[in-house]
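>
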Amino acid sequence: MKMKALFLTCLMTGLLSMGAVAFAASSVSGDKVEYDFKSGQAVAEGNVEIRHDKGRATARKAEYNTKTGEGSLEGSVVADQEDAHLTSASLIIKNKGDYLSAIGNAVLKKADKTLRAEQVNYDSAAKYAETVGSWAQLTMDDGSSLDAASLTYNMETNKAFADGNVRLISPPRDLTARADSAEYDLNESDGTIHLNGHATATQEGNTVSGDTLTIRGAGGKIAQGDGDVRMVIIPRKKEEAPREEVPTFQIAGREGVPDSVYKFYNWPGEPVTIGSVDTELA
């Protein structure tokens, strides 16, 4: 085992020209570190930390090649790069750090959006993320969520593509939707949602379904359907006008007697008017 200080000095020198690469390490540290100067391969174990100019990653074990800029981390991986935060069981670094593959309950958060799946692949150069496995979920800080078997998210265009048993929930729009696949424009100025295959959308209690549905506008108020379109509209209840307060009935002073209560009846006698109620009931 080489001395950590010596190893880091050599590593810093070897990577000096790679400082701008997305995840090219500028230092690797751990409880135990071994380095092969010929191949450029480094192996670190115990409290491993890999640092670079835009962030850092921690794990229990790591392998990293200073010449190829590729490697892997294992065990409770946590990685931060600019405004992106990633956690997973393991992390594979490729293409000199431009391509990251998080495996095992992977969670990638960037800005106000979080992508979860069994595996998440992230291309930092293309600003593109995709999921691998049988489930995926994209959530937004406003409470909205997009679930599907697989998801791809383009961070450059801010568009998400979902495939397989798609379910969309958007509390700000009071909207829920289902389809076989979907394309969701997450830009605030657009917000268009394309639902394809067995599409159904419900908003404010009203439901529309069809082979395909398009919900346009940032407010999600305009729906366009194609193919066996069906709609269920629930009329809004009109607010009832407040009822006029009925005065309390008083016999003695005969004040506030409503028109609907004008006479008394003795069974089976004749009607008795209020004017004579005191005399005839005495």
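Going letter by letter, the sequence shown gives residues -24 to -1, 1 to 258 in mature numbering (1 follows the signal peptide of the UniProt record, and there is no 0). Glycine residues also receive a C-beta, built at the ideal position from the N, C-alpha and C atoms.
Distance check for GLY51 and THR115, CA to CA, integer angstroms please.
If you take the alpha carbons of THR115 and GLY51, they lie about 25 Å apart.
> Rounded to whole angstroms, what is the Cα-Cα separation between GLU94 and SER110?
Those two C-alpha atoms are separated by around 8 Å.
> Per DSSP, what kind of secondary structure is LYS72 in: helix, strand or coil?
Here LYS72 sits in helix by DSSP.
> Once the 5 residues before and after ASP56 are set aside, which same chain residues still bring their CB inside 7 Å of it?
GLY31 and ARG32, listed in sequence order.
> Name the one or two DSSP bridge partners that HIS170 has.
Per DSSP, GLU159 and THR190.
> Could you tell me if ASP139 is buried or exposed, where buried requires 16 or more neighbouring beta carbons within 10 angstroms of its beta carbon?
With 16 or more other Cβ atoms within 10 Å, it is buried.
> If distances are taken between C-alpha atoms only, which option among TYR104, TYR40 and ILE191 comes closest to ASN130?
The shortest Cα separation from ASN130 among TYR104, TYR40 and ILE191 belongs to TYR104.
> Rounded to whole angstroms, what's the CA-CA distance from GLY173 to LYS8? Just pull it up for me.
One C-alpha to the other measures close to 54 Å.
> Between which two residues does the beta strand (DSSP E) holding THR133 run?
Premise fails: THR133 is in no beta strand (DSSP E) and is neither H nor E.
> Nearest by alpha-carbon distance to ASN23: which of TYR11, GLN17, LEU49 and LYS43 is it?
Ranking the options by Cα distance to ASN23, first place goes to LEU49.
> Looking at the strands, I want to know which residues DSSP matches up with ASN23.
Bridge partners of ASN23: none, in fact.
> Looking at the secondary structure, which residues open and close the beta strand (DSSP E) in which SER120 lies?
Where SER120 is concerned, there is no enclosing beta strand (DSSP E), given that its DSSP letter is neither H nor E.
> Just the Cα atoms here: how many angstroms apart are ASP74 and ASN41?
So the alpha carbons of these two residues sit roughly 14 Å apart.
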